[in-house]
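Okay, so here's the structure we're looking at.
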Amino acid sequence: MGGRQMMFDGMDAMAMRRQVGERRDAALRRIGGGFGEGANGVGGFTLMEVLVVVAITAVLMGILMPALMVARAQARQTVCRGNLRQLLMANIAYSMEHDGQFVPAARDMWDDAGLWRWHGYRPTRDAAFVSSQGPLAGYLGDGQVKRCAENVEFAAADRWAGSFEKGCGGYGYNMVYIGSRMWQKPLPAAGWWRRMYECTTRTDEVRKPAETLMFADSAISRQAGVVIEYSFAEPPFAVFEGAVMTGFYMSPSIHFRHRGRANIGWVDGHTDSREPAPMPGDNVYGVDSAAAGLGWFDPVDNTPFDLE
Numbered sequence: 000m001g002g003r004q005m006m007f008d009g010m011d012a013m014a015m016r017r018q019v020g021e022r023r024d025a026a027l028r029r030i031g032g033g034f035g036e037g038a039n040g041v042g043g044f045t046l047m048e049v050l051v052v053v054a055i056t057a058v059l060m061g062i063l064m065p066a067l068m069v070a071r072a073q074a075r076q077t078v079c080r081g082n083l084r085q086l087l088m089a090n091i092a093y094s095m096e097h098d099g100q101f102v103p104a105a106r107d108m109w110d111d112a113g114l115w116r117w118h119g120y121r122p123t124r125d126a127a128f129v130s131s132q133g134p135l136a137g138y139l140g141d142g143q144v145k146r147c148a149e150n151v152e153f154a155a156a157d158r159w160a161g162s163f164e165k166g167c168g169g170y171g172y173n174m175v176y177i178g179s180r181m182w183q184k185p186l187p188a189a190g191w192w193r194r195m196y197e198c199t200t201r202t203d204e205v206r207k208p209a210e211t212l213m214f215a216d217s218a219i220s221r222q223a224g225v226v227i228e229y230s231f232a233e234p235p236f237a238v239f240e241g242a243v244m245t246g247f248y249m250s251p252s253i254h255f256r257h258r259g260r261a262n263i264g265w266v267d268g269h270t271d272s273r274e275p276a277p278m279p280g281d282n283v284y285g286v287d288s289a290a291a292g293l294g295w296f297d298p299v300d301n302t303p304f305d306l307e
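Residues 0 to 307 (numbering that gives the first Met the number 0) make up the sequence shown, in order.
Encoded structure:
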């Protein structure tokens, strides 16, 4: 009798353990969904296994995300260089049909009209330039100057003071040496100063096309933390009546927006990218140029811009 009672007691204990296990598994299924055994008895994932997978995924994302960001930045820089090359080819084609002269950078600059730029025309000075009406429109595939792929947040304004070069796409032209004759000594002729902007450099006057800048990533800053579009790639030193004024620096307009580098387009049609040279000091508007990503590349003089 005693042995039989012990057997029944053992069976009751086993039944209780089985019930506890079933309740535990049911609770795990309610809490974790796929943890433990499924409803059909198929083995799922334990909580520890899921946590390990999550941790591994987080580590992989931490490794891959910086590489993906770099790859995307490189792709944007490549697209930007393609835009520059299109501008180079358009200007070279323009010169072939205009007696070897490159497109004027700002043909009405002397009159301070501000309606014509190399990249477009506008009916009033408080409007954005329309590239489809500009002098290069017929030489661009769709008649448009494409915007830099880096998607810089250029400041926008409705008035001339804030958007005076809006519409250039973030690219600047070497006006001093290519898009005008500002580099030349004045001629004793009536209307010379006006013609200095209307007439430009001829292709046969550029002695080293592969070393002479034509276009570049550009912007200018008139307020800390803000950049606006700017149509010209300014050399470090101003030029007046054919003389280089080395006593002071111009406000830099080359914009090193591609992970600290700027894309440059050269007269011979090739493009490359350059990094900024150390350049402390504020521009004429009192803005720290380096902090705004603006400056020049080495050598910091007019040799990358001039015709020699």
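Ideal Cβ placement from N, Cα and C applies to all residues, glycine included.
Just so we're clear, the structure is a prediction, and the values are computed from it rather than from any experiment.
Less than 8 Å between the C-beta atoms of residue i and residue j, yes or no?
{"i": "residue 249", "j": "residue 234", "result": "yes"}
{"i": "residue 252", "j": "residue 262", "result": "no"}
{"i": "residue 228", "j": "residue 169", "result": "yes"}
{"i": "residue 231", "j": "residue 140", "result": "no"}
{"i": "residue 148", "j": "residue 75", "result": "yes"}
{"i": "residue 104", "j": "residue 190", "result": "no"}
{"i": "residue 254", "j": "residue 281", "result": "no"}
{"i": "residue 225", "j": "residue 154", "result": "yes"}
{"i": "residue 192", "j": "residue 238", "result": "no"}
{"i": "residue 107", "j": "residue 115", "result": "yes"}
{"i": "residue 304", "j": "residue 196", "result": "no"}
{"i": "residue 240", "j": "residue 187", "result": "no"}
From which residue to which residue does the beta strand (DSSP E) around residue i run?
{"i": "residue 265", "result": "261–265"}
{"i": "residue 273", "result": "270–273"}
{"i": "residue 221", "result": "219–222"}
{"i": "residue 239", "result": "237–239"}
{"i": "residue 172", "result": "170–172"}
{"i": "residue 244", "result": "242–244"}
Quick one: is residue i near chain D, going by C-beta distance under 8 Å?
{"i": "residue 179", "result": "Looking at the structure shown, chain D is missing, and only one protein chain is on hand."}
Give the secondary structure of residue i by DSSP, where H, G and I count as helix, E and B as strand, and everything else as coil.
{"i": "residue 229", "result": "coil"}
{"i": "residue 215", "result": "strand"}
{"i": "residue 147", "result": "coil"}
{"i": "residue 299", "result": "coil"}
{"i": "residue 306", "result": "coil"}
{"i": "residue 325", "result": "Here the chain covers residues 0 to 307 and nothing more, so residue 325 does not appear."}
For the alpha helix (DSSP H) containing residue i, list its first residue and its last residue.
{"i": "residue 195", "result": "191–197"}
From residue i to residue j, what does the alpha carbon distance come to, in whole angstroms?
{"i": "residue 287", "j": "residue 223", "result": "7 Å"}
{"i": "residue 143", "j": "residue 274", "result": "28 Å"}
{"i": "residue 86", "j": "residue 306", "result": "19 Å"}
{"i": "residue 302", "j": "residue 61", "result": "44 Å"}
Would you call the segment 260–275 and the segment 205–214 in contact, with 3 or more CB pairs under 8 Å?
-> yes
Given 8 Å, three or more beta-carbon pairs between the segment 86–104 and the segment 131–138 | yes
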